[in-house]
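Residue numbers (our numbering): 316 to 1195.
C-beta atoms are modelled at their ideal positions from N, C-alpha and C, and glycine is treated no differently.
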């Protein structure tokens, strides 16, 4: 212990004498700690746990009850949000039933939630609907009032502050245009939908209906409970046996033991997924730690050379090799601990500033400010470990210091370890093999291969630096000096080269994966319309809007006829879907796609010709006679097709079935529609046709990009419910998000690579200052010193960046291959029963981006190093 204390004292004094180098090490280790701490703290604050949502969910109530409508007992989690039940086999309980179930002395009030529609000026918009009496103390704090007052009558509502409706304005609620007067604005809950309308119980959601628009879940009915005492876990279990789920304030504030909780649904799958996720995170952390060690390692190597005389004196006075190791490791421990403390403190401060700017609910969208001290302590421990790991190799070198050479001021010649390059090559081959195996197994295996490959590069890098240094004979003097200095000080140069290599490899891997993914998306792209078709479409566009749109189209495309497509709606104007009951028998479990036309659009012969891709006079005649034309022969039996009529305003299990006269035709390749119906068939089914498309047939006209722009702007100005699309295949549907991701990664890799380059170049310049001063003393111009600095930066970046870009191709292609195999594992089938073909491996390397980074980054490093290189001469005395 006394030796450790002495080493820590020596370390503290050495750090004080080399403040710039010590600060560099603290920055290298502390910046990742700062970033990770800020992310963890903000994430913990943003993630609102159930116990932090009690006011949002319960107000001031003691519990919230949900009737599971089951005659069998249920098993729930502690939050009462997930439970197991066999089936819904009884009607919902009444208020009196729930009051009797909860027992005497308790008071309950209803709270219902669902989704509804309101008129938004150019069409109906969806909003979350809540029914609860916000005047009741039990609902206090659930929706804090911003202005106005809470609803006091059935025709009054409050809306969240983000909605455009003003206090005093009348909302047209539902397709029946029920007037609701907005009497107040309330604070939006962080996890709720954007539009929220709140009224009194029974005023917005029918008591016996679960009707909601556009296939969203049916109404949820809850009961808030004000109990005479806490609703305990035992009371929760009692209510579970009666088929009632409970969210209890007392249970969430004091959860029951884990052994009393039911096993989560899909527990084994969840455990396996969680284990794989943890393994991937651990491997990612190892990669980050290695990168930090590589960035900080050169500074420790330079510090060792500066302290060789001091360490030699300790050895000459009886210090053992163990004592010399302790001195150097004490530097790593001290600087790692300082970086961990400063990084964690600053990270918490940054997160606090961000949280203060966004705001904590109800003032903002975040939960209570929370610092995950356990995770931050683990990050700090990793920072300390990184400091020790970065100092480990210099510590071993310190134990082997030549005392006589060090006291005489002579430089120690670097030792070549013949076994390291061979072991490094073995690890590289093993890493490539693991990545190849990971293509068909998991991402964790590929991460493991990346770790092996990076460790292999660490061992091979000194040999590469030495070999490249041997080629410096033909270079100009400044570059020759820089290269030979880098090769001579391989302990300082090699880690920096590998750190830059790792950053470049990360960019290369992401760039290849992103480019391949974009190419894969192009290969898997399903055209929504025949190529060249221009469609003006909207499922919820009013007749008034269509009347305004037609003249705009006629003015932009004079003389061009328009095809029409319709879809069925019910009496309230909500979309209804037709689905053939038969067909596609040979591909159970296959994935299908539908476009804006829907599964079975209605229209005339022109629409049929467009979707068939040819003229079929018999099919057109059948359509004119009122028969549906189906593209899957298996759907038609005895000249008729059976259609399931799915009403998108109900959660009924069984659809209504209608039978329509039909004929079958074949379509080349998979189809995004099942066929074409006559418009009259919609009316015969008791529904109404609604215009959803105006289509320009590509056989008549194909719009240029300029024509498309002239058409789209005025049409979109009529209503936001309509869209204009000219189907050009993958070109017109290109997504620039992939490019953004790639260049963001390029910026990140550039920062890391330049940071590692400048750290190594700065250390090299400080280490070589006596040589540079001697060079100036014999007549070298200041520009020579600048060129030497540029050469030191170019050597690190010029060796690390190209090698990294080439090395990153392996994991990038592996990830792209894994993604392609995953996509091909899902078999697709057209609505006409024709299978989509397998695409296979789709690999793409963005060579222009890689060349831009590979050439631009070393040049940028050289220019910046030249600009900021010091040229002032500092005379020094040399030993001997």
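Membership of residue 372 in any beta strand (DSSP E) is not indicated; the residue belongs instead to the alpha helix (DSSP H) covering 369-373. Between residue 769 and the set 614, 604, 867, 452, the nearest pair of CA atoms involves 604.
Boundaries of the alpha helix (DSSP H) harbouring residue 672: 636-673, taken from the DSSP string. Pairing residue 861 with residue 1008, the inter-Cα distance amounts to about 10 Å.
A residue is called buried when at least 16 other Cβ atoms come within 10 angstroms of its Cβ; residue 1178 does not meet this threshold and is exposed.
The alpha-carbon of residue 686 is positioned some 28 Å away from that of residue 509. Taking residue 615 as the centre and dropping the five residues before and after it, the same chain places the C-beta of 705, 706, 709 closer than 6 Å to its C-beta, in chain order. Nearest C-alpha to residue 883 among 1044, 1000, 829, 911: 1000.
According to the DSSP assignment, residue 946 belongs to no alpha helix (DSSP H), since it is labelled neither H nor E. Judged by DSSP in its simplified three-state form, residue 761 adopts helix.
Around the beta carbon of residue 1162, fewer than 16 other beta carbons lie within 10 angstroms, which makes this residue exposed. With fewer than 16 other Cβ atoms inside 10 Å of its own Cβ, residue 782 counts as exposed. Taking all protein chains in view, the Cβ of residue 495 is crowded by 16 or more other Cβ atoms within 10 Å, so the residue is classified as buried.
At a Cβ-Cβ threshold of 9 Å, residue 1143 and residue 985 count as neighbours. In the DSSP annotation of this structure, residue 1148 is not part of any beta strand (DSSP E), being labelled neither H nor E.
If you check the CB distance, residue 811 and residue 340 do not come in under 9 Å. Assigned with DSSP and collapsed to three states, residue 514 falls in strand.
Residue 970 and residue 753 have their C-alpha atoms spaced approximately 45 Å apart. At least 9 Å separates the beta-carbon of residue 682 from that of residue 441.
The three-state secondary structure of residue 363, taken from DSSP, is coil.
Taking C-beta separations shorter than 6 Å and ignoring five residues to either side along the sequence, the partners of residue 1122 in its chain run 820, following chain order. Three or more beta-carbon pairs drawn from the stretch 988-999 and the stretch 939-948 are found closer than 8 Å, and the two stretches are therefore classed as touching. Rounded to the nearest whole angstrom, the CA to CA distance from residue 972 to residue 996 is 13 Å. Looking at 1017, 602, 1026, the one whose alpha-carbon comes closest to that of residue 818 is 602.
The beta carbons of residue 871 and residue 1006 sit no closer together than 9 Å. A direct Cα-to-Cα measurement between residue 536 and residue 408 gives close to 10 Å.
For residue 935, the enclosing alpha helix (DSSP H) covers residues 932-939. When the alpha-carbon of residue 507 is set against those of 676, 1033, 887, the nearest one is in 676. Note on geometry: alpha-carbon atoms of residue 622 and residue 806 lie some 15 Å from one another. Considering only 849, 559, 460, 467, the residue with the shortest C-alpha distance to residue 1044 is 849.
Shown here for residue 1015: same chain residues with a beta carbon closer than 8 Å to its own, the five before and five after excluded, namely 875, 876 in chain order. At least 9 Å separates the beta-carbon of residue 374 from that of residue 463. Within the same chain, Cβ atoms closer than 8 Å to the Cβ of residue 319 are found at 641, 645, the five residues on either side in sequence being excluded.
Around the CB of residue 800, 16 or more other CB atoms lie within 10 Å, so the residue is classed as buried.
Inside the stretch 815-883, DSSP marks whole beta strand (DSSP E) runs of 3 or more residues at positions 849-852, from first to last along the chain. Rounded to whole angstroms, the gap between the alpha carbons of residue 835 and residue 828 is 10 Å.
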